[in-house]
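Let me begin by presenting the structure, written as structure tokens, before commenting on it.
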Amino acid sequence: MVYGIVVGIIFGCYILSSVVLFKFPCLLHKRKNVRFICRHISHRGGAGENYENTMTAFKHAVSLETDMLELDVHLTKDEQVVVAHDPHLQRTTNAHGMIAETNYAELPGLRDVLPIDFMPGCFFSRPSEQDRQMPLLETVFKAFPDTPINIDIKVPNELLIVKVSELVKLYKREHLTVWGNFSDAITQRCYKQNPNICLLFSLRRVVLLVLQLYTGLLPFMPIKETHLEIFMPRHAYNLFMQRAPATEGADATSVPGSPLHPISKAVNLRKSESSSTSLTHSASLASLPAGTPPLPTKGPWYLRTIASFAHLLLIRPALFAHLAKRGIQTYLWVLNSEDEFHLGFKSGATGVMTDYPTKLRSFLADNPQYFLNYPDPKPQESSHGLELEEINHVTSSVSCAAIQSSATSEGRFSSRDILKSDSLGHFSSREHLSCSSQEHLSSHDFPPDQEMVLHCQASNREPQGTNSCCPEDCLRRSHDSLLVSDKSSPVLVQGENSQQTPVSS
Numbered sequence: 001m002v003y004g005i006v007v008g009i010i011f012g013c014y015i016l017s018s019v020v021l022f023k024f025p026c027l028l029h030k031r032k033n034v035r036f037i038c039r040h041i042s043h044r045g046g047a048g049e050n051y052e053n054t055m056t057a058f059k060h061a062v063s064l065e066t067d068m069l070e071l072d073v074h075l076t077k078d079e080q081v082v083v084a085h086d087p088h089l090q091r092t093t094n095a096h097g098m099i100a101e102t103n104y105a106e107l108p109g110l111r112d113v114l115p116i117d118f119m120p121g122c123f124f125s126r127p128s129e130q131d132r133q134m135p136l137l138e139t140v141f142k143a144f145p146d147t148p149i150n151i152d153i154k155v156p157n158e159l160l161i162v163k164v165s166e167l168v169k170l171y172k173r174e175h176l177t178v179w180g181n182f183s184d185a186i187t188q189r190c191y192k193q194n195p196n197i198c199l200l201f202s203l204r205r206v207v208l209l210v211l212q213l214y215t216g217l218l219p220f221m222p223i224k225e226t227h228l229e230i231f232m233p234r235h236a237y238n239l240f241m242q243r244a245p246a247t248e249g250a251d252a253t254s255v256p257g258s259p260l261h262p263i264s265k266a267v268n269l270r271k272s273e274s275s276s277t278s279l280t281h282s283a284s285l286a287s288l289p290a291g292t293p294p295l296p297t298k299g300p301w302y303l304r305t306i307a308s309f310a311h312l313l314l315i316r317p318a319l320f321a322h323l324a325k326r327g328i329q330t331y332l333w334v335l336n337s338e339d340e341f342h343l344g345f346k347s348g349a350t351g352v353m354t355d356y357p358t359k360l361r362s363f364l365a366d367n368p369q370y371f372l373n374y375p376d377p378k379p380q381e382s383s384h385g386l387e388l389e390e391i392n393h394v395t396s397s398v399s400c401a402a403i404q405s406s407a408t409s410e411g412r413f414s415s416r417d418i419l420k421s422d423s424l425g426h427f428s429s430r431e432h433l434s435c436s437s438q439e440h441l442s443s444h445d446f447p448p449d450q451e452m453v454l455h456c457q458a459s460n461r462e463p464q465g466t467n468s469c470c471p472e473d474c475l476r477r478s479h480d481s482l483l484v485s486d487k488s489s490p491v492l493v494q495g496e497n498s499q500q501t502p503v504s505s
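Under full-length UniProt numbering, the sequence shown has 401 at position 401, and the numbering climbs by one with no breaks.
Dropping the structure here:
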């Protein structure tokens, strides 16, 4: 009897403490100090709008003020870190062989037509595009010194991990870089090599995270990772069942773009004859209300059941909220339609990874409520002794004014957030500071397509006009139109008997 009472008391204390710490994790754990928050993430630079993992794709995404570039890296024979997704050359080029067995200077350019991995049956093509080269990671770092970059280490190569770490340190990007892989072995090596770089959850760690969540242990456990990047199981299963025959590792004759492939013979890629067709990938979502996950409808019943059960276990707003309070951001990949964007953000994810950065930018401009998914960090002391709480009072006015402007006009704004000047702590990163009170929505009214400048409260000097202020005491926010028209619009090809389809913005 006494033993049962003792066990009951212990179990009750465990449940109570688990619930309290789940709601208030910072009572036990120090919040991670990630220096950027990303809503808009361009997968391979935007594989649906440009040739994947090229400088053209990255430049286009950055012109849309993407919050993060996602890319993949391999090591060439002459030990150059190259940006490419596949270890082999068959899918993306007209050549055979492996990147690891080829010198960088000998790598071929990308083929005319590339499959879009997360849009089954769809392919990207822009024959007039000259930039088909696989860039070096160092080239990307040089071109975008202030843009957060997500690096997928594709192979368990110790030298590759060492070289990526050296490049990150050389270009002083430890606070702007996330790296790792679904492989736990690769992720552990990354962390051992440089624990100062933000780290992804491996697949093994994701499974462990879910187990800890449902046993109540999660609030007590330390977490070294800073970013949870996962797919939605139902969404991934439906994609897998719709996936086209042309996938990674396919022979050159079976990959669209090869001269021997029937699609390349049958489809006329000239833009002048293009016509619009709906994307089969989005069709299954069209009849569903936004935020309703589509149930798997194809394949064996047990696989559909597993996918649905995994979705219910993993895609939990309460889990994402708990991680956010600990400074851990959640990104969902790869989502390519507005319905999918709604699904992702309504689940509580911090950001969404997409092949269509223009489409996601337009979606975020029309849905500013999703900027509030991730809570603001608690006040911290800056290197100049100025607390972030003081900065928040200023920057939230700009942020809320941007949200109001987006909701009431044709103006577009970015989630790349507030740039802090040198006088406020030498922050080269960005943080989105959401509305702290509704009064901000009516106290400021900025033109939608002009640079908004707010004078820092730390200075007594007044700005001289709308677009100027004292350079060392100002907080700036760009508020330009982000829907960039591209005269050489890309082409989507859907199957052997379909006509070309320009990608709509």
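Beta carbons are placed, not taken as given, at the ideal position from N, Cα and C, and that holds for glycine.
DSSP places THR139 inside the alpha helix (DSSP H), whose first and last residues are 137–143. Around the beta-carbon of LYS325, 16 or more other beta-carbon atoms lie within 10 Å, marking it buried. Bridge pairing for MET68: ILE41 [DSSP]. Here the alpha carbons of HIS311 and LEU303 stand approximately 12 Å from one another. By the 16-neighbour rule on beta-carbons within 10 angstroms, MET221 is exposed. Separation of the CB atoms of GLU49 and TYR374 is rounded to 26 Å, and the pair is thereby denied contact status at 8 Å. Its chain contains ASN50, GLU129, ASP131 as the residues whose beta carbon lies nearer than 7 Å to that of THR56, once the 5 sequence neighbours on both sides are disregarded; these appear in chain order. Your pair LEU170 and GLN80 does not check out as a contact, with CB atoms roughly 14 Å apart and the cut at 8 Å. Here ILE197 is near GLU174, since their CB atoms are less than 8 Å apart. Only residues of its own chain outside the window of five on either side were considered, and among them ARG326 have a CB closer than 6 Å to the CB of HIS29, listed in chain order. Between the alpha carbons of VAL210 and ASP146 lies a gap of roughly 34 Å. Per DSSP, the beta-bridge partners of THR177 are ILE149. Nearest to ASN53 by C-alpha distance, out of LEU27, MET68, SER63, HIS85, is HIS85.
In the three-state reduction of the DSSP assignment, GLU229 falls in the strand class.
Note on geometry: alpha-carbon atoms of ASP67 and THR305 lie some 35 Å from one another. Between GLU70 and ILE41, the gap from beta carbon to beta carbon is short of 8 Å. Between LYS77 and THR226, the gap from beta carbon to beta carbon reaches 8 Å or more. Listed as beta-bridge partners of PRO115 by DSSP are PHE123. With a contact defined as Cβ atoms closer than 8 Å, ALA47 and ILE116 qualify at about 6 Å. In terms of Cβ geometry, VAL155 and HIS43 do not form a close pair [threshold 8 Å].
Closest in C-alpha terms to MET134, from the list ILE149, ILE99, CYS38, comes ILE99. Here DSSP, grouped into helix, strand and coil, assigns THR330 to strand.
Rounded to the nearest whole angstrom, the C-alpha separation of SER165 and PHE11 is 45 Å. Burial state of THR354 is buried, judged by a 10 Å Cβ sphere holding 16 or more other Cβ atoms. Distance check between LEU21 and each of LEU364, LEU217, LEU360, SER347 places LEU217 closest, using alpha-carbon atoms only. Nearest to PRO108 by alpha-carbon distance, out of GLY121, ASP339, ASN94, is ASN94. In the three-state reduction of the DSSP assignment, VAL210 falls in the helix class, which pools H, G and I. Closest option to SER202, judged by alpha-carbon separation, among PRO195, PHE182, LEU213: PHE182. Excluding its 5 nearest sequence neighbours in each direction, THR350 has C-beta neighbours in its own chain below 8 Å: ILE37, CYS38, ARG39, PHE320, ALA324, GLN329, THR330, TYR331, ASN373, TYR374, listed in chain order. Under the criterion of beta carbons closer than 8 Å, LEU313 and MET232 do not qualify as touching, at roughly 12 Å.
In its chain, beyond the 5 residues on either side, SER202, LEU203, ARG204, ARG205 have a beta carbon closer than 8 Å to the beta carbon of ASP184.
Put simply, of LYS142, LYS192, GLU338 the residue whose alpha carbon is nearest the alpha carbon of LYS172 is LYS142.
In the DSSP assignment, MET55 falls within the unbroken alpha helix (DSSP H) covering 55–63. Exposure of ILE9 is indicated by the presence of fewer than 16 other C-beta atoms within 10 angstroms of its C-beta.
When rounded, the separation of the alpha-carbon atoms in GLY121 and GLN242 is 8 Å. Between GLU340 and SER63, the alpha-carbon positions lie close to 23 Å from each other.
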